[in-house]
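Q:
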Amino acid sequence: MRQFRQFMLPSVVIVVLVAGFAGGFVGGSRSTTAGQTSGTPCASPIASSSASPAASPVASPAAGGCPAGGQAVTELTVDMIEFAYTPSSFTIPADTDVSVTLTNSGVTPHNFTIDNPSVVSDDVQAGQSTALTLNLPAGTYEFYCSIPGHRELGMVGTLTVQ
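Numbering (numbering that gives the first Met the number 0), first residue to last: 0 to 161.
This is the structure in structure tokens:
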């Protein structure tokens with residue numbers, strides 16, 4: 000009986016930790032969007048940048064990048080680490096300004112780049128953040144880190160604009 004308890008306690012702790020960690024994920028990627036418009040159905044993008052030393056608060060949206068209630072996301076935070084974005088995919092409304100806070104939680108500089116139309120954030124140093132406004136037409140866009148070697152190491156994601 001004692002061996003059973005010694006086995007069960009660590010097993011329960013592991014299950015609770017894994018469940019808690021996985022609870023912050025939506026569709027396989029960690030969700031970190033926040034904010035919403037009032038009365039606009041889900042769909043919208045962004046495109047200008049400015050430096051900012053701190054990240055904005057975040058809240059989890061429903062699947063697909065829309066917060067509960069079907070409102071469009073107009074603010075979101077993307078975390079950049081070696082060599083990934085969190086979330087690695089998200090949805091924003093078309094033809095709408097969306098504020099994106101890019102936070103570098105890694106140890107090397109990172110950025111956020113879309114080729115067409117051209118969107119390039121400032122390079123963000125470790126522990127720093129920058130803000131960027133997207134306003135894009137409907138479509139699916141690949142975003143990536145243009146620091147040499149980062150894209151090749153898998154620092155890419157998908158932006159859906161509806």
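Note that CB positions come from ideal geometry on N, CA and C, so glycine has one too.
Determine the direct distance from the alpha carbon of threonine 95 to that of isoleucine 146, and round the result to whole angstroms.
A: To locate residue 146, count along the sequence shown from 1; it is residue 147. To locate residue 95, count along the sequence shown from 1; it is residue 96. Approximately 28 angstroms between the Cα atoms of the pair.
Q: Excluding sequence positions up to five away, which residues of its chain have a Cβ less than 8 angstroms from the Cβ of arginine 150?
A: Position 151 of the sequence shown, counting from 1, holds the residue named residue 150. Around arginine 150: Tyr143, Cys144.
Q: Take leucine 152 and list the residues in its own chain whose beta-carbon comes closer than 6 angstroms to its own, dropping the five residues that flank it on each side.
A: Here residue 152 refers to the residue found at position 153 when the sequence shown is read from its first residue. Hits under 6 angstroms: Phe82.
Q: From the DSSP output, read off the bridge partner residues of methionine 219.
A: This structure cannot speak to residue 219, because the chain is shown only from 0 to 161.
Q: Under three-state DSSP, which class holds threonine 95?
A: Looking up residue 95 in the sequence shown gives position 96. Looking at threonine 95 - three-state DSSP - the assignment turns out to be coil, as it is neither helix nor strand.
Q: Under three-state DSSP, which class holds isoleucine 146?
A: In the sequence shown, the residue the question calls residue 146 occupies position 147. DSSP places isoleucine 146 in coil when its eight states are reduced to three.
Q: Using the Cβ count rule (16 or more neighbours within 10 Å means buried), how would you classify serine 48?
A: The sequence position of residue 48 within the sequence shown is 49, counting from 1. For serine 48, the predicted model reports a pLDDT of 38, less than 50, meaning its position is unreliable; a value from the coordinates is still stated below. When all chains shown are included, serine 48 counts as buried.
Q: What did DSSP end up calling phenylalanine 89 once you bin it into helix, strand or coil?
A: What you label residue 89 is simply residue 90 of the sequence shown in a count that begins at 1. The answer is strand: DSSP assigns phenylalanine 89 an E or B state.
Q: Quick check: is any heavy atom of the ligand MG less than 7 angstroms from the C-beta of threonine 159?
A: Only the bare structure without any ligand can be found here, which leaves the ligand MG out of the picture.
Q: May I ask you to report which of helix, strand or coil DSSP gives glutamate 141?
A: Taking the sequence shown and counting its residues from 1, the one referred to as residue 141 is at position 142. Strand at glutamate 141.
Q: Have a look at threonine 139 and valine 155 and give me their C-alpha separation to the nearest angstrom.
A: Against the sequence shown, residue 139 aligns to sequence position 140. Against the sequence shown, residue 155 aligns to sequence position 156. The alpha-carbon atoms of threonine 139 and valine 155 are separated by roughly 13 angstroms.
Q: Given that a residue counts as buried once 16 or more other Cβ atoms are within 10 Å of its Cβ, and exposed if not, what is proline 116?
A: Taking the sequence shown and counting its residues from 1, one reaches residue 116 at position 117. Flag for proline 116 reads exposed.
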